[in-house]
Amino acid sequence: MTVTGTTQQSSHGRTSILGLYFLAKLYAMFEQICCTRMALCINFLLLSLPLLIASQSDAKLANFGDVITVLEQMARTDQDFVDGLALDLFSPKNRTLVVTNNTSPLPGNFVTGSTGEGFVNLSKYSCVIKFNESANDLIAKIELPYDPEALMQQGIQLANTYVGTLAADRKSWVVSETQRNVHMSENKTRIVKMTSLTGEYMLLGRKSEDTANIFVQYGQGTTRTANITGSADNIQEAEFIDGLRLRFRSAKPFALNADIPFGIDAQAIPETHKSLSILFHNSRNAFSIGKASV
Numbered sequence: 000m001t002v003t004g005t006t007q008q009s010s011h012g013r014t015s016i017l018g019l020y021f022l023a024k025l026y027a028m029f030e031q032i033c034c035t036r037m038a039l040c041i042n043f044l045l046l047s048l049p050l051l052i053a054s055q056s057d058a059k060l061a062n063f064g065d066v067i068t069v070l071e072q073m074a075r076t077d078q079d080f081v082d083g084l085a086l087d088l089f090s091p092k093n094r095t096l097v098v099t100n101n102t103s104p105l106p107g108n109f110v111t112g113s114t115g116e117g118f119v120n121l122s123k124y125s126c127v128i129k130f131n132e133s134a135n136d137l138i139a140k141i142e143l144p145y146d147p148e149a150l151m152q153q154g155i156q157l158a159n160t161y162v163g164t165l166a167a168d169r170k171s172w173v174v175s176e177t178q179r180n181v182h183m184s185e186n187k188t189r190i191v192k193m194t195s196l197t198g199e200y201m202l203l204g205r206k207s208e209d210t211a212n213i214f215v216q217y218g219q220g221t222t223r224t225a226n227i228t229g230s231a232d233n234i235q236e237a238e239f240i241d242g243l244r245l246r247f248r249s250a251k252p253f254a255l256n257a258d259i260p261f262g263i264d265a266q267a268i269p270e271t272h273k274s275l276s277i278l279f280h281n282s283r284n285a286f287s288i289g290k291a292s293v
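99 is the number that numbering that gives the first Met the number 0 gives to position 100 of the sequence shown; each next residue is one higher, with no gaps.
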């Protein structure tokens, strides 16, 4: 009896050990399956995350013709468009704006506000911004994207990109060196310090070795020549090193050089007028135009 009892106890012990072993095996298999599935789920989420982010980002992009709500009480309205145009503004009042594109804009050759030689348009269309009411009390900026590779092919430096504003007379694009900002890390060019966004805008580039303010020097020679683009209606400007700014409207293109002769011919001044040359250095008393071919 004693032997039989011992044998039965040993059999039950082995059964318990085998049961625990199989349970451990099943647990390990279950854990492995769960880990594998969890890893697959995590990988799927990681792969899907960029698509989800892109989808959410695209949903925020506006198209031409969309009505954009402008927040009030100087809350920030930051709106990006599908073509890369971006508006950033603060308004005291709730307003709406609409941006459309003009596929037949004024050519980029005609620029005022800076020496207009060498300017070209870098876009095939311009952007027209209209508000539902007058909005001249904003803190705003506008930025347009440029393609660095395309600029390189055209021989235009990144620092020579501008956002031009169509002049009120629609005869030229106005640029402002003091309001221009080139954001090279994002490949965008801006107009900053704006109080109104109503108007028409286009991305411009200038083909020159120098950047920022470009001035014409007095004297003869190709390096001291202002080249004027011909157009019966549109306007171009040239600014000299002393601040003299000439405004041109010519049916034909021509080259212009200016000299500074010393002294003023008294007979050249009408009797009812008086020379104010005392306000200027002698070398800037007068100027004469030479080698102008029309």
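Even glycine gets a Cβ: it sits at the ideal position worked out from N, Cα and C.
Among S175, A149 and K206, nearest to V119 - alpha-carbon criterion: K206
Contact under 7 Å by Cβ, F89 with I128: no
Assigned exposure category for Q219 - 16 Cβ within 10 Å defines buried: Classification of Q219: exposed, given that the 10 Å Cβ count is below 16.
Best match in D241, G204 and S249 for proximity to N226 [C-alpha to C-alpha]: S249
Range covered by the alpha helix (DSSP H) that runs through E148: Start and end: P147 to Q153.
Beta-carbon proximity list for L196, same chain, < 8 Å, skipping 5 on both sides: L86, L88, L96, I128, F130, A134, L137, A139 and I141
Beta-carbon spacing of T164, G198 below 7 Å: Contact: yes.
Residues of its chain near L245, where Cβ-Cβ distance is below 6 Å and the 5 sequence neighbours each way are ignored: A237
Residues of its chain near A61, where Cβ-Cβ distance is below 8 Å and the 5 sequence neighbours each way are ignored: I67, Q78, D79, F80, V81 and V98
Where T224 falls, given that 16 or more other Cβ within 10 Å makes a residue buried: buried
Other residues of its chain near P147: CB distance less than 8 Å, five sequence neighbours each side excluded: L157 and N186
C-alpha distance - S171 paired with S125, whole-angstrom precision: 13 Å
Which of helix, strand or coil DSSP assigns to N159: helix
Spatial neighbours of A178 in its chain, beta-carbon cut-off 8 Å, leaving aside the 5 residues before and after: The sequence as given places Gln at residue 178; Ala does not occur at that position. Excluding positions up to five away in sequence, the list reads I190, V191, K192 and M193.
R244 - DSSP class collapsed to helix/strand/coil: strand
Rounded separation between L84 and I234 - CA only: 27 Å
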